[in-house]
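So the number in the numbering used here is just where the residue sits in the first sequence, counting from 1, plus 73. Yeah, the Cβ is synthetic: ideal placement off N, Cα and C, and Gly gets one too. Values in this document were obtained by computation on a predicted structure and should not be read as measured data. These notes concern the structure reproduced below.
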Amino acid sequence: MDLEHAWSAALRTLARTLWQIEIEGTLLEPPTDPRFGDFTCNAPMRLAKQLRKPPRAIAEELARAVRNAGFPRLAKVEVAGAGFVNFTAGPEFLQEELARILSEGARYGRSTMGGGRKVLVEHCSANPTGPLHIAHGRQAAVGDSLAHILDFAGYRVEREFYINDTGNQIEMLGKSILWRLSDAAEPPDENCYRGDYIKDIAAELRASGRTDLEGAKRLGVERLLREIKRDLEDFRVSYDTWTSEDSLHKSGKVDEVLNFFNSWGLTYPKDGATYLKTTDHGDVEDKPLVKADGTFVYRLPDMAYHRDKYARGHEILIDLWGPDHHAHIATMKAGMKALNFNLVPMAEVRSASTAVPEQRPVAFEVLLIQYCRLLRGGVEQKMSKRAASYVTLRELMEEVGVDAARFFFAMRKPSAHLDFDLDVAKQQSKDNPYYYAGYAHARVCNITVKGLEDKKIAPADVTDGVWRGAYDASRIGPDEAALLKVARQFQRHLEIAARDLDPAFVAEYLRELSGAYQSYYELGKPDPGKKVLCDDEPTRRTRLAVSAAVQQVLRNGFALLGLHAPEKM
RNA sequence: GCCCCCGUAGCUCAACAGGAUAGAGCACCGGAUUUCUAAUCCGGUGGUUGCUGGUUCAAGUCCAGCCGGGGGUACCA
């Protein structure tokens, strides 16, 4: 446990003994101004009403108790402003943090906030009816980053892709392939897929000799799914499970759900279709489950699918959908409630062991990943799926690279529209946040290379290109301390990202940390005595240690977003 | 009509469970380099946080109502 957590726990204990209360929420925060010390606590103001005392009086009481309790590593505690209690830690605080970063390495920043709860992150789940395009790219980038973040935050994460390998759209895929097999200039159905890839599949189908609709559908799904998997793999997006909709039908799980609804009188016939009373659970209107022709509407297998997720023991179900699924959220929740799901907010899911199995609470969080606009030369690139003139994920990867693409997709709040400026993403300058952050990392790597060349670093102190020598922590100066203070915020940002299901906090943090290191590095320009590779050996070693720590934290952050940390630029 | 997202510096965006003086980058102006890689850094100009009320010791943040922009609203998925 680090100092911040230790102090937080101690403060909660003090509150219990002083006022017999439990303080909820965050207790210690980074102050807005370095003059306010290392941590600030605004609890006195929040407690004023409850305790019926002025905030300043509460703050004084708390500060006195802190002094008497003898908090470890505490240098100073004082009351300020309207009722803040500001804490300043002794130098050991950052010394220990530095040691922790270097010893924990790739694990530094990991949190236990998830408490091992089982989370299923289902994302992308594109229909195998065509190649992935950039909207899928954003979903995949956000989903995969989120999975990394939740894993790092202490959840047990499973990443899943749901394959819509049956139903109307697959029917259309089959027809499209058969159409391309014929001489017809126009498709038999206006919803047919017109992309050139259909022609390739048609050609392959012809070669196979099986030219019926079933054969076309099967080959189409198989081919396109393979393509999707390859795109995702190259985009560094990985999955633990691939669940097929068709398999849900074949196992009877879909019929089971329909029977459940029917037998409990939750459905009724209308115009030949079967409707579920979703308005009983908050939907704006009842929704059909079975069409008049007897086939299922996609939402029915979807409900069966989510029931299956639950049955597999997941406690938090996270779905990433496109914004066109907006209305589906209320319907799905209604369906799940009709299936007797005990839906609760994510923060309220407790460990499964404490709950009765049948009423085990489960969180269902849908993230609508907004579309993005592609800009080139400041002009929006219009996309039209019908004319098959949309930009594929593959094209994007080839044009701007996986790293820049993933950083761009991750850096904006997923629910907000994103302008993806292709020119900026390709630029190798400060404008491009990926290159900016990467440059800081590359600079640390380069210092090590340069140090070895100039014999300022002994080869024995370098492992895999990373400096791992001994250092004197007491030589940490103000500039190094400022850097370490930013570095230790990593876990905080990770936890916020996990709580809000938003990787943008990590992206934003990477900019902050890399910027801090750039500034630190530049100190050596006008004043060579401030270079990392300075002449004084003990100082040099300490600066190398601090640089290696920043390098490590940058790497950990990059990994959360699925990015490579460049070693040379 | 109903639902969701967004209105913060000229532009693109931050602001971490409501907290101390609303911050970055771009652009503009002025500086730093015979480089531990300038793909960089430092300083400056620039704000009635769309509007009006409300809650609160405290509101960019929460609530209500407007105004403006985007998206969604199938027996497609």
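Range covered by the alpha helix (DSSP H) that runs through residue i
i: residue 258; result: Where residue 258 is concerned, there is no enclosing alpha helix (DSSP H), given that its DSSP letter is neither H nor E.
i: residue 347; result: Note, residue 347: premise wrong, no alpha helix (DSSP H); beta strand (DSSP E) at 346 to 349.
i: residue 563; result: 563 to 573
i: residue 374; result: 372 to 384
i: residue 580; result: 577 to 595
i: residue 190; result: It is not in any alpha helix (DSSP H) - residue 190 carries neither H nor E in the DSSP assignment.
i: residue 614; result: 610 to 633
i: residue 333; result: 326 to 336
Nonlocal neighbours in the same chain, by C-beta distance under 8 Å from residue i, ignoring five residues either side
i: residue 565; result: 103
i: residue 229; result: 187, 189, 190, 191, 192
i: residue 532; result: 525
For residue j and residue i, the rounded distance between their alpha carbons
i: residue 633; j: residue 215; result: 11 Å
i: residue 233; j: residue 195; result: 5 Å
i: residue 255; j: residue 277; result: 14 Å
i: residue 144; j: residue 330; result: 57 Å
i: residue 179; j: residue 345; result: 59 Å
i: residue 378; j: residue 310; result: 22 Å
i: residue 76; j: residue 147; result: 10 Å
i: residue 153; j: residue 623; result: 32 Å
i: residue 170; j: residue 625; result: 13 Å
i: residue 266; j: residue 395; result: 20 Å
i: residue 470; j: residue 481; result: 12 Å
i: residue 393; j: residue 126; result: 46 Å
i: residue 366; j: residue 640; result: 60 Å
i: residue 246; j: residue 521; result: 55 Å
i: residue 589; j: residue 231; result: 35 Å
i: residue 497; j: residue 183; result: 32 Å
i: residue 570; j: residue 342; result: 45 Å
i: residue 552; j: residue 485; result: 30 Å
i: residue 284; j: residue 295; result: 15 Å
i: residue 176; j: residue 107; result: 27 Å
i: residue 642; j: residue 239; result: 47 Å
i: residue 434; j: residue 353; result: 20 Å
Beta-carbon proximity check, residue i vs residue j, cutoff 8 Å
i: residue 511; j: residue 621; result: no
i: residue 355; j: residue 407; result: yes
i: residue 402; j: residue 211; result: no
i: residue 586; j: residue 605; result: no
i: residue 222; j: residue 576; result: yes
i: residue 436; j: residue 544; result: no
i: residue 374; j: residue 439; result: no
i: residue 525; j: residue 517; result: no
i: residue 504; j: residue 446; result: no
i: residue 360; j: residue 404; result: yes
i: residue 466; j: residue 308; result: yes
i: residue 483; j: residue 580; result: yes
i: residue 473; j: residue 495; result: yes
i: residue 563; j: residue 582; result: yes
i: residue 542; j: residue 616; result: no
i: residue 697; j: residue 334; result: Outside the displayed range of the chain (74 to 642) lies residue 697, so it cannot be described from this structure.
i: residue 409; j: residue 389; result: no
Residues near residue i in its chain [Cβ-Cβ closer than 7 Å; skip 5 each side]
i: residue 168; result: 546, 549
i: residue 140; result: 150
i: residue 476; result: 507, 636, 637
i: residue 301; result: 199, 201, 205
Where residue i sits in the DSSP three-state scheme
i: residue 294; result: helix
i: residue 181; result: coil
i: residue 114; result: strand
i: residue 148; result: strand
i: residue 218; result: helix
i: residue 462; result: Residue placement at residue 462 is flagged as unreliable, the pLDDT there being 49, under the threshold of 50; the coordinate-derived value follows with that caveat. Of the three classes helix, strand and coil, the one that applies to residue 462 here is coil, per DSSP.
i: residue 518; result: helix
i: residue 92; result: helix
i: residue 264; result: coil
i: residue 314; result: strand
i: residue 605; result: coil
i: residue 656; result: Absent from the structure is residue 656, since the part of the chain shown begins at 74 and ends at 642.
i: residue 196; result: coil
i: residue 284; result: coil
i: residue 153; result: strand
Residue i - containing beta strand (DSSP E), residue span
i: residue 161; result: 157 to 162
i: residue 231; result: 229 to 236
i: residue 389; result: 389 to 394
i: residue 269; result: No beta strand (DSSP E) holds residue 269; the alpha helix (DSSP H) holding it covers 269 to 281.
i: residue 434; result: 434 to 441
Contacts around residue i, its chain only, beta-carbon distance under 6 Å, and the 5 residues preceding and following it disregarded
i: residue 96; result: 85, 88, 116
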